[in-house]
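Asker:
Structure (structure tokens):
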């Protein structure tokens, strides 16, 4: 157990819908990272938050957004879902910039 | 941006043999190179990492080497065991960015046959 908690573990939804994925980082970790893992694109960095502020952006679609709350948990919002958004979404956290990141167990999103 | 190429995509070895996975990176400013192991349906787990001021690092049966000039790094697993079977990912991150903001290789499916 990495200490990073993601909910839900599985999510099935229809095209055009909106979902919210939740991540609780390890106790004391200020940075949260979101990744998407799909068969064709591999593990892709989406976005990073540090202590409530957006720190870095990767290949995140405009239909996707994220935020980090004062208690440091983070949410990834995916809207206008398409079949191609089906993937594993991982959250990771780290305590500081130059420390390793620990991954949560992921949320498997299936868009039908 | 950074690009990480990983080879081979699949690797099959007999138990007890060694396994080597190689990665190349494009950004000469990259300075942190972790390796993650991911079992089917599970989260990526860090198994070893190396920073650009070090050429080699070992942890029991696992070692990583880094050649900054050639911009490549490799994972070496000795005395492989069936439980080493998994997907292995190399990754890199640029100096000045967080160690969690990673560019991953495409992964290597390692199968260790008993």
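Chains as they are written, first to last, in our numbering: chain A, 1 to 112; chain B, 1001 to 1114.
Glycine residues also receive a C-beta, built at the ideal position from the N, C-alpha and C atoms.
#1: Quick one: which chain B residues come within Cβ less than 7 Å of residue 65(A)?
#2: Among 1005(B), 1014(B), 1082(B), 1030(B), which residue has its Cα nearest to the Cα of residue 1021(B)?
#3: Check whether the Cβ atoms of residue 24(A) and residue 5(A) sit closer than 8 Å, and answer yes or no.
#4: Please report the distance separating the alpha-carbon of residue 57(A) from that of residue 74(A).
#5: Buried or exposed: which applies to residue 1034(B), given that a residue is buried once 16 or more other Cβ atoms fall within 10 Å of its Cβ?
#6: Residues of chain B with a CB under 7 Å from the CB of residue 100(A): which are they?
#7: Determine whether the Cβ of residue 1043(B) lies closer than 8 Å to any Cβ atom of chain A.
#8: Which same chain residues end up closer than 6 Å to residue 1012(B) when comparing Cβ atoms and leaving out the 5 residues on each side of it in sequence?
#9: Are the CB atoms of residue 1103(B) and residue 1091(B) nearer to each other than 8 Å?
#10: Assess, as a yes-or-no matter, whether the stretch 1076-1091 of chain B is touched by the stretch 1028-1047 of chain B under the definition of 3 or more beta carbon pairs within less than 8 Å.
#11: Quick one: Cα of residue 103(A) to Cα of residue 90(A), how far?
#12: Report the partner residues of residue 7(A) according to the DSSP bridge assignment.
#13: Would you say residue 1073(B) faces chain A, with C-beta separation under 8 Å as the test?
#14: Counting only runs that start and end within the stretch 1016-1063 of chain B, where is the beta strand (DSSP E) found for 3 or more residues in a row?
#15: Below 8 Å on the Cβ atoms is my guess for residue 18(A) versus residue 79(A); work out the distance and round it to an integer in Å.
Answerer: With the given structure in hand:
#1: Taking the first chain and counting its residues from 1, one reaches residue 65(A) at position 65. By Cβ distance, chain B contributes nothing, its closest Cβ being about 18 Å from residue 65(A), past 7 Å.
#2: Within the second chain, numbered from 1, the residue matching residue 1021(B) stands at position 21. Among 1005(B), 1014(B), 1082(B), 1030(B), the Cα nearest to that of residue 1021(B) is on 1005(B).
#3: Sequence index remark: in the first chain, residue 24(A) carries index 24 (1-based). Sequence index remark: in the first chain, residue 5(A) carries index 5 (1-based). Contact flag set, yes.
#4: Locating residue 57(A) in the first chain gives position 57, where the first residue counts as 1. Locating residue 74(A) in the first chain gives position 74, where the first residue counts as 1. One C-alpha to the other measures close to 15 Å.
#5: Here residue 1034(B) refers to the residue found at position 34 when the second chain is read from its first residue. With 16 or more Cβ atoms within 10 Å of its Cβ, residue 1034(B) is classed as buried.
#6: By one-based count along the first chain, residue 100(A) stands at place 100. Those are 1034, 1046, 1049, 1099, listed as they occur along chain B.
#7: Looking up residue 1043(B) in the second chain gives position 43. Yes, contact with chain A.
#8: The sequence position of residue 1012(B) within the second chain is 12, counting from 1. Hits under 6 Å: 1111.
#9: If you number the second chain from 1, residue 1103(B) lands on position 103. If you number the second chain from 1, residue 1091(B) lands on position 91. Yes, they are a contact pair.
#10: yes
#11: Taking the first residue of the first chain as 1, we reach residue 103(A) at position 103. Taking the first residue of the first chain as 1, we reach residue 90(A) at position 90. Near 7 Å, if we compare the C-alpha coordinates of residue 90(A) and residue 103(A).
#12: Reading the first chain from its first residue, position 7 is the one you call residue 7(A). BP columns for residue 7(A) point to 22(A).
#13: Here residue 1073(B) refers to the residue found at position 73 when the second chain is read from its first residue. So, not an interface residue.
#14: 1019-1025, 1030-1038, 1045-1051, 1056-1059
#15: Taking the first chain and counting its residues from 1, one reaches residue 18(A) at position 18. Taking the first chain and counting its residues from 1, one reaches residue 79(A) at position 79. At roughly 4 Å, the Cβ-Cβ gap stays under 8 Å, so residue 18(A) and residue 79(A) are in contact.
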